[in-house]
Ligand SMILES: Nc1ncnc2c1ncn2[C@@H]1O[C@H](COP(=O)(O)OP(=O)(O)OP(=O)(O)O)[C@@H](O)[C@H]1O
Ligand SMILES: Nc1ncnc2c1ncn2[C@@H]1O[C@H](COP(=O)(O)OP(=O)(O)OP(=O)(O)O)[C@@H](O)[C@H]1O
Ligand SMILES: [Mg+2]
Ligand SMILES: [Mg+2]
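Protein chains in written order, with my numbering: chain A, 1 to 266; chain B, 1 to 295; chain C, 1 to 224; chain D, 1 to 248; chain E, 1 to 248.
In structure tokens form, the structure reads like this:
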């Protein structure tokens, strides 16, 4: 596991900056089961999140080879940061106020939105069409909660992994899968599902993806934001997109650097 | 076979014919059912090549299944050692002459037997860090959870085992001048362990399977890696689950076979749990004993 | 306890345990019937039946329950098309009941079988020697005695079943453990009290159940 | 005491347990009213012999006839035969979950279809005959060994059997209880019951048996009236065996 | 054979099991080298008497002295005392998970702290003395009853006890094995071992005992040399008991 305090380097700097300086390595929490974003293909991790994490690490002076990847699931991201199991989390991590009480966010580096994945021939055109339909998401996730509260007439099926939702969708046991559009796009783009599904394309929420770090690591947060700004201008952000989600033909989004967080300063 | 000796008379010629007919009828019915299942899976395209192809490729095994299996086995092995130790300790504790040892040991055992393992693991991972002000790795959350639960069950098995040893064994030991802890250590615990070997092994099988509950804290064990992570890449969740189930069945069967072999060997070497003689003391009525089938 | 003061949370807590109790109740009945039948198979003089019983026990006892429940959804329901209700939750509930039952039946079978083994062979021989037929021997002499020896282990199996019901959460039923997970996710500051409430509820249900079965087994024990 | 045709006839009976030849070409006939005592070292096949007679053990070859008909192999006919042959075991084997009286009436009611009231009356009379009428409503575990064995004899007698088999009926008993069981057996013998008795009680063999059979290694080695057998055993095995059990 | 002060002295010993008065004011002294046989009906308290002497059963009142000192109540001192009093049980109670030789050496090594090699040598000598040296590496269940009981005697002797207690050492044995165990006991008696023997083997009592004690209902009813006791029992109870076990 990671060293609890991130290590105070010889320079006296604390947080991730200090750790990156003194130890020249970082532990970064990422998803392992989300194609296009963060997926573990054997011993490697691949995806847009992974590339962003590499950019951040590089900006902090840590070589990509010195990153220790740690698989996180939605539920353990805050504990991992709070307990120091990881230094950073880049794992489809939506910035919201509830989470801001526990961790600090840099970014957002991407704005996703909740959407629906349906069979290619489905008539469901948006969340309104879900009444009486069966919709699948991951147990206890924000998208699942939103369906429950905002579309209570939909029947919600929950599994512990999206891949099970996708399989249920393929088999016709559920009519739609819901979560962030970009995650759905990642699945739809997988070769084994080619032509079978479509992302409805009508988002009904805003999910700004942030980079999580310790609540009190304001310096680290600001540094990460700087790195993101630089990445937007020097083309590495676009390169990261093109190497991963961009492969499906979707053009790279603009990284709106004016929207970056203030790292918790009031 | 001993069961049949209790229940059935030796079959005569008519009984043999009847048994043969029953065999055939049931066998045909079973085959038909299996065929139906096969056909349905076929119809649903579950036998399609691209779902199964990954299992012909080395990376599937070297990158997913084997690392997961290694974690599973490692966690199970650690959990087995710890829960055996825990089991013996608390069994002896519950048999102590001092109430201030017996009662707390009893409370601990009863509590951990009553709380679902899923809750335990979850709590150790998310809750205990608040108590100890430091992270608990998923591995240890799983292992400690397994230890507390299976250790408690084993404690009860050992206790039942120790109580099933005829009083004569410990009396004979006292009579040669052993102290209570020597009697426990040299006579009762070894015999209880052998007498309870089948129960202990089925509990260890349970423990091995229970590592699968590690998914709740994203512990990268066989189920997580071999089913969830693999199918996130290849979209073959049903095929992957079939393969993983087969692996579990094979490993657990091996464990059971090993235990049966050990059991037979100790019996061949002549170890037999001595029969309870009709002593007027109040040993508990010997009930049937089985493992507790948690997850 | 501010978490449970919120009526939504209290509702979730209550309905979580209600699911657990329903799952336990329905599966207990099914598993008992199935387990006794399997035990009868396993001790029968017909090799195919014995083999079937043994295979059942070996397969289901050696597979993680998580996987069995998974197969109930993706095998039984998705692939074989056996839907048990149109309502999504009820369907998952019954799929869970099927999974818990086939799994628990393997343990019930073993408990019953070892219970039959506690009846000394001499009892059945004596019954046969006075001219009782097979079924009379079984009904009048063997089963009543085996039944009593089997109470305690069946109690353990029931308790384990109740705890195992939490695993049905993996196919989306909001039973107690899923509720606890949810509550902890949204009340990160109250992890310990939430856990204590859920664990305590389980203990409050199961510890007395355990003692009850112990007491019953002692009462019914056949004195030899 | 032998009258008419023999009641039990074994002819060339062989039995194996796996590779073990437990009964080796045993031929024996027991006449009506005859009392035959079987002795021999442990493992010589005495119990097995006894148990083949009511087919608790099937045999591999040879024939066994009871009362003129070969032993049925199974089913109702076998159950009927068994109800006509009483059996008493070394370990009593009373039904542990039934009272003494229920033990005795179970057979008559369930097998013979007798009225419970009638069976009860006869059961009480039998318990009285073996001297434990006052224990009728107790459970087996509450009785001494000697009382249990007498109850077991009453249970067998309740079926009004044509013959009785005893497999070491006294060897699980405390010494001062042996006498009371042997007394019951002696009185049975005197009343003309056909009996096959495996026992080590030489006193009983001497004064109650018509014939003593000595077995060794599954073979029937000697078959003689008790006086002759004890005074002058012919085989070495028998001499050796008798010297061991009679000297201390 | 009695020399000097007595080795075992019971004085006014009382013991209850709940409401049951199992030992009723028992006083008894056993001299060094003396062999005392205890007989009596089942439940009369013979085993309990035997077991109080090495405090496997605590007593409610009275005193028991062994070799001049009162029995210690617990702890090391009690364990030491027990190691000086050998005990042989009806059901052998060999440690089922240890070989015969390990059974014999366990006490010397673990209790006395002897070197394993030395204990082993002495153990083998003892097994030889009781005639089962060739069974040293077998497990108890592989031996016949007679062999097991002789191993149990060797185990007790291995502690070099000052006295030996036997609780019905032959009553769980097949009749042809009783002799071999009694032979070992007789030779021990001849070698001057102090022995308290509960047994129903009247032959042994007659020719090996210095005194016979008859117990009934927890009371010590008679205490006499064997010849006198058997020829002329004084109490009704003893007469009745003897008639029961000697007649069949
Ligand atoms: N069910 C069985 N399976 C295998 N072997 C058996 C079985 N029953 C008895 N034997 C063996 O058959 C032989 C004869 O057994 P049997 O019980 O008839 O002897 P016995 O003369 O009655 O001896 P004992 O005096 O010890 O009762 C023994 O070697 C015994 O081990
Ligand atoms: N642990 C005990 N608890 C209660 N009662 C007991 C206990 N041990 C023995 N008794 C009772 O004490 C009485 C004397 O028992 P003890 O075993 O000393 O008799 P015994 O003379 O050795 O009889 P036996 O010849 O049957 O061995 C009996 O009535 C017995 O039931
Ligand atoms: Mg026999
Ligand atoms: Mg006794």
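Quick reminder that beta carbons are idealized off the backbone N, C-alpha and C, glycines included.
N- and C-terminal bounds of the alpha helix (DSSP H) containing residue i
i	result
residue 152(A)	Run containing residue 152(A): none; DSSP gives neither H nor E here.
residue 164(A)	162-171
residue 263(A)	Per DSSP, residue 263(A) belongs to no alpha helix (DSSP H) and is neither H nor E.
residue 40(A)	Note, residue 40(A): premise wrong, no alpha helix (DSSP H); beta strand (DSSP E) at 38-41.
residue 163(C)	143-164
residue 42(D)	Taken as a continuous stretch (DSSP letters only), residue 42(D) belongs to no alpha helix (DSSP H), as it is neither H nor E.
residue 187(E)	175-190
residue 45(A)	Counting along the chain, residue 45(A) falls outside any alpha helix (DSSP H), though it belongs to the beta strand (DSSP E) covering 44-46.
residue 222(E)	Note, residue 222(E): premise wrong, no alpha helix (DSSP H); beta strand (DSSP E) at 219-224.
residue 135(E)	Unbroken run through residue 135(E): none, as it is neither H nor E.
residue 184(C)	176-186
residue 216(D)	Not the alpha helix (DSSP H): residue 216(D) falls in the beta strand (DSSP E), residues 211-216.
residue 109(B)	99-114
residue 98(E)	Run containing residue 98(E): none; DSSP gives neither H nor E here.
Alpha-carbon to alpha-carbon, residue j and residue i
i	j	result
residue 7(D)	residue 192(D)	13 Å
residue 128(D)	residue 95(D)	19 Å
residue 281(B)	residue 87(E)	Residue confidence for residue 281(B) is low, a pLDDT of 28 falling below 50, so the modelled location carries little weight and cannot support an answer.
residue 212(E)	residue 56(E)	23 Å
residue 161(E)	residue 110(E)	16 Å
residue 80(B)	residue 157(C)	21 Å
residue 204(E)	residue 5(D)	47 Å
residue 185(E)	residue 151(E)	12 Å
residue 202(C)	residue 164(C)	12 Å
residue 15(B)	residue 167(D)	28 Å
residue 197(E)	residue 71(E)	20 Å
residue 18(E)	residue 84(E)	30 Å
residue 26(D)	residue 195(E)	47 Å
residue 186(C)	residue 71(C)	31 Å
Continuous beta strand (DSSP E) stretch holding residue i: start and end
i	result
residue 31(D)	20-32
residue 86(E)	85-88
residue 70(A)	67-71
residue 122(C)	Here residue 122(C) belongs to no beta strand (DSSP E); instead the alpha helix (DSSP H) covers 121-129.
residue 137(A)	134-138
Those residues which DSSP pairs with residue i across a bridge
i	result
residue 210(A)	93(A)
residue 165(D)	87(D), 196(D)
residue 15(D)	23(D)
residue 33(A)	39(A)
residue 61(D)	14(D)
residue 105(A)	212(A)
residue 115(A)	179(A)
Neighbour list for residue i in chain F, Cβ cutoff strictly below 7 Å
i	result
residue 13(B)	Any reference to chain F falls outside this structure, whose protein chains are A, B, C, D and E.
Check: Residues near ligand 1, CB to any non-hydrogen atom under 5 Å, in chain order?
Finding: Cβ-based neighbours of ligand 1 within the cut-off: 17(D), 22(D), 42(D), 43(D), 44(D), 45(D), 46(D), 47(D), 48(D).
**OP:** Output, in sequence order along the chain, the residues in the segment 195-213 of chain A whose CB is closer than 9 Å to any CB in chain C.
**Re:** Of all residues in the segment 195-213 of chain A, none has a C-beta nearer than 9 Å to a C-beta of chain C.
| query | Residues in the segment 55-74 of chain C with C-beta within 7 Å of chain A's C-beta atoms, listed in sequence order? | reply | Taking 7 Å as the cut-off between beta carbons, the residues of the segment 55-74 of chain C near chain A are 74, in sequence order.
**Prompt:** Using a Cβ cut-off of 9 Å, which residues of the segment 48-64 of chain D contact any Cβ in chain B, in chain order?
**Reply:** Taking 9 Å as the Cβ-Cβ cut-off against chain B, the residues of the segment 48-64 of chain D that qualify are 55, 56, 57, 58.
Please identify, using Cβ separations under 7 Å, the residues of the segment 29-60 of chain B that lie next to chain C, in order along the chain. Identification of residues in the segment 29-60 of chain B having a C-beta nearer than 7 Å to some C-beta of chain C yields 30, 37, 40, 41, 44, 46, given in sequence order.
**Q.** Near-chain C residues of the segment 118-145 of chain A (beta-carbon distance less than 7 Å), N- to C-terminal order
**A.** The segment 118-145 of chain A vs chain C, Cβ under 7 Å: 134, 139, 140.
**Study point:** Within 8 Å of chain B by C-beta, residues of the segment 28-46 of chain A in sequence order
**Key:** Answer set for the segment 28-46 of chain A: 32, 33, 34, 35, 39, 40, 41, 42, 43.
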